[in-house]
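Trainee: Pasting a structure here, questions to come.
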Amino acid sequence: MASEFVIAGLGTELPRHRISQSDSAALAGSLSSATSEQQRKLAALYRSTGVQTRGSVLLESRIDGPAVPQSFYPPQRSPEDRGPSTAERMQRYEDEARVMAFEACRSALSASGCDPLRITHLVTVSCSGFSAPGVDIELMNRLALSANVMRTHVGFMGCHGAINGLRVAQAHAAADPGAVVLLCAVELCSLHQQYGWHSERLVANALFSDGAAAVVGHSRTANAETRPRLIATGAGIVPDTTDLMSWRIGDHGFEMTLSPRVPDAIRRSLRPWLSAWLESHGLTIDSVGSWAIHPGGPRILTAVAEAAGFDEAHLRVSRSVLAECGNMSSPTILFILDRLWREQAPGPCVVLAFGPGLAIEAALFA
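Using my numbering, you'd call the opening residue of the sequence shown number 6 and step up by one each time.
Set out below in structure tokens:
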């Protein structure tokens with residue numbers, strides 16, 4: 006069994022400006038040359054997501070009236086227009102991701118009380134952009150970390166990426182009891198708004214948003230009894246579901262497909278896997294005190310509760326983060342954990358997230 010990984014501090018960061026779902030739907034219509042009937046369908050789709058507001062680094066000011074203050078996405082000029090190129094989107098990622106990541110890390114370090122020079126390992130997580138030198142080098146410079154910090158990047162794994170990052174961080178701490186690990190997940194999903202009328206991409210457009218979160222952690226010590234501790238992580242792949250979710254690099258951004266069959270796959274497959282994994286750690290579903298479920302969408306949240314058989318009330322924080330922030334991909338789980346821990350939610354706490362595969366990723370906290 007892996008050694009416990011103590012969370013010494015956690016920080017979150019959202020873009021300066023936010024957009025309501027009704028304004029998001031209007032913007033999406035202008036990028037899809039939507040007819041009046043399609044615009045009505047878009048409005049209904051956006052209302053059904055459970056999202057009320059979302060943050061985006063592309064918003065240039067507060068929204069005041071029907072015009073959305075952004076210039077990155079011009080209205081669709083023709084049915085063939087697909088908007089900014091991937092190169093243009095990646096340049097914006099390089100400009101913006103480092104700022105969001107820095108603020109989240111600064112908050113986590115402050116919460117932990119840790120001197121930045123004590124950080125021995127840096128783990129970065131992102132599936133919405135790439136550059137080299139990247140966010141990791143920028144964080145080392147801006148946070149004044151040691152030049153000898155060892156870096157690992159978890160890339161392109163999707164919404165469960167922070168769990169994969171936590172697994173890496175836990176392994177570093179287990180291998181070196183003196184390690185102090187800084188983990189940062191940053192996603193700018195709004196850079197991948199897709200033009201045109203493609204049903205599954207419209208769903209992704211309606212859900213995803215921008216955010217960053219970071220944690221500072223280390224091996225368990227005598228004075229760490231009151232802090233959250235990562236006990237274990239788990240992973241599984243649902244057979245015959247590779248076509249249900251995808252995330253691919255296109256010429257005009259990264260293209261996501263999200264099948265409406267995902268909730269049914271979760272209902273069929275989650276409970277046997279989850280029960281076996283919990284049993285391997287001496288637990289049952291009923292003995293779990295709180296749940297941090299990644300809000301891939303409202304139907305996915307409902308499917309998880311139904312499959313696992315726990316009370317819908319356990320989804321309150323996940324639904325709240327979805328409503329206020331949208332689906333930020335990998336940082337979202339850390340936002341949910343932050344709220345649960347601030348509320349002193351009972352343990353043990355199980356984290357669940359899903360990604361292309363169809364992959365199940367889990368984490369167990371005490």
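Where is the CB? At the ideal position from N, CA and C, for every residue including glycine.
Contact between the segment 93-109 and the segment 139-152 is defined here as three or more beta-carbon pairs at a separation below 8 Å; is this criterion met?
Mentor: A contact exists between the segment 93-109 and the segment 139-152.
Trainee: What whole-angstrom Cβ distance do I290 and S280 have, given they're in contact under 8 Å?
Mentor: About 6 Å separates the two Cβ atoms, so the contact holds.
Trainee: Can you grab the Cα-Cα spacing for the pair V173 / F370, in whole Å?
Mentor: If I take the Cα positions, the gap works out to 15 Å.
Trainee: Would you give the residue range spanned by the beta strand (DSSP E) that G166 belongs to?
Mentor: Looking at the DSSP string, G166 is not in any beta strand (DSSP E); the run it does join, the alpha helix (DSSP H), is 166-180.
Trainee: Going by the beta-carbon positions, is the gap between H197 and R59 smaller than 8 Å?
Mentor: Contact: no.
Trainee: Run through DSSP, which three-state label would T91 get?
Mentor: Correct three-state label for T91: helix.
Trainee: Between which two residues does the beta strand (DSSP E) containing E366 stretch?
Mentor: Where E366 is concerned, the enclosing beta strand (DSSP E) stretches over 364-370.
Trainee: Just reading off the alpha helix (DSSP H) that E426 is part of, what are its end residues?
Mentor: With the chain running from 6 to 371 in the structure shown, residue 426 is simply not present.
Trainee: Below 8 Å, how does it come out for the segment 310-323 and the segment 249-262: are there three or more Cβ pairs, yes or no?
Mentor: These segments do not touch.
Trainee: To the nearest angstrom, report how far apart V181 and Q175 are at their CA atoms.
Mentor: In the sequence as presented, Val is not what sits at residue 181; that position holds Asp. Between D181 and Q175, the C-alpha separation is close to 10 Å.
Trainee: Restricting to Cα atoms, I'd like to know which of L283, S27, I124 is closest to S184.
Mentor: For clarity, residue 184 is Ala in the given sequence; the question names Ser instead. Closest option to A184, Cα to Cα, is I124.
Trainee: From A219, I271, A218, pick the residue whose C-alpha is nearest to that of P244; which is it?
Mentor: Here the closest residue by C-alpha is I271.
Trainee: Closest to L127 by CA distance: which of P20, C354, W346, N153 is it?
Mentor: Measuring from the Cα of L127, the nearest candidate turns out to be N153.
Trainee: Determine the burial state of H223: buried for a count of at least 16 other Cβ atoms within 10 Å of its Cβ, exposed for fewer.
Mentor: Label assigned to H223: buried.
Trainee: Below 8 Å CB to CB, which residues in the same chain sit around V1 once its five sequence neighbours on both sides are set aside?
Mentor: There is simply no residue 1 to check, as the chain begins at 6 and stops at 371 in what is shown.
Trainee: Can you have a look at Q349 and say buried or exposed, based on whether 16 or more other CB atoms are within 10 angstroms of its CB?
Mentor: Q349 should be labelled exposed.
Trainee: Going by beta carbon distance, what residues of the same chain come within less than 7 Å of N210, once the five residues before and after it are set aside?
Mentor: So the qualifying residues of the chain are A33, Q198, Q199.
Trainee: According to the neighbour-count rule (16 or more other Cβ atoms, all chains shown, within 10 Å of its Cβ), is G360 buried or exposed?
Mentor: Flag for G360 reads buried.
Trainee: Which term fits L122, buried or exposed, when burial requires 16 or more other beta carbons within 10 angstroms of its beta carbon?
Mentor: L122 is exposed by the Cβ-count criterion.
Trainee: For the candidate residues R45, W346, T91, whose alpha-carbon lies nearest to that of S195?
Mentor: If we check each option's Cα against that of S195, T91 comes out closest.
Trainee: If we call anything under 8 Å between Cβ atoms a contact, is P233 one with I12?
Mentor: In contact: P233 and I12 (Cβ atoms closer than 8 Å).
Trainee: Return the CA-CA distance between D343 and E85, expressed in angstroms with no decimal places.
Mentor: D343 and E85: Cα-Cα distance of roughly 43 Å.
Trainee: Just the C-alpha distance for S285 and A367, rounded to the nearest angstrom, thanks.
Mentor: Distance between the alpha carbons of S285 and A367 is about 13 Å.
Trainee: Using a threshold of 8 Å, state whether the C-beta atoms of A190 and L339 are closer than that.
Mentor: In contact: A190 and L339 (Cβ atoms closer than 8 Å).
Trainee: Can you give me the Cβ contacts of S117 inside the same chain, cut-off strictly under 6 Å, excluding the 5 residues immediately before and after it?
Mentor: Cβ neighbours of S117 beyond the five flanking positions: A13, G14, V221.
Trainee: Would you tell me roughly how many angstroms separate the C-alpha atoms of L47 and L249, rounded to the nearest one?
Mentor: If you take the alpha carbons of L47 and L249, they lie about 22 Å apart.
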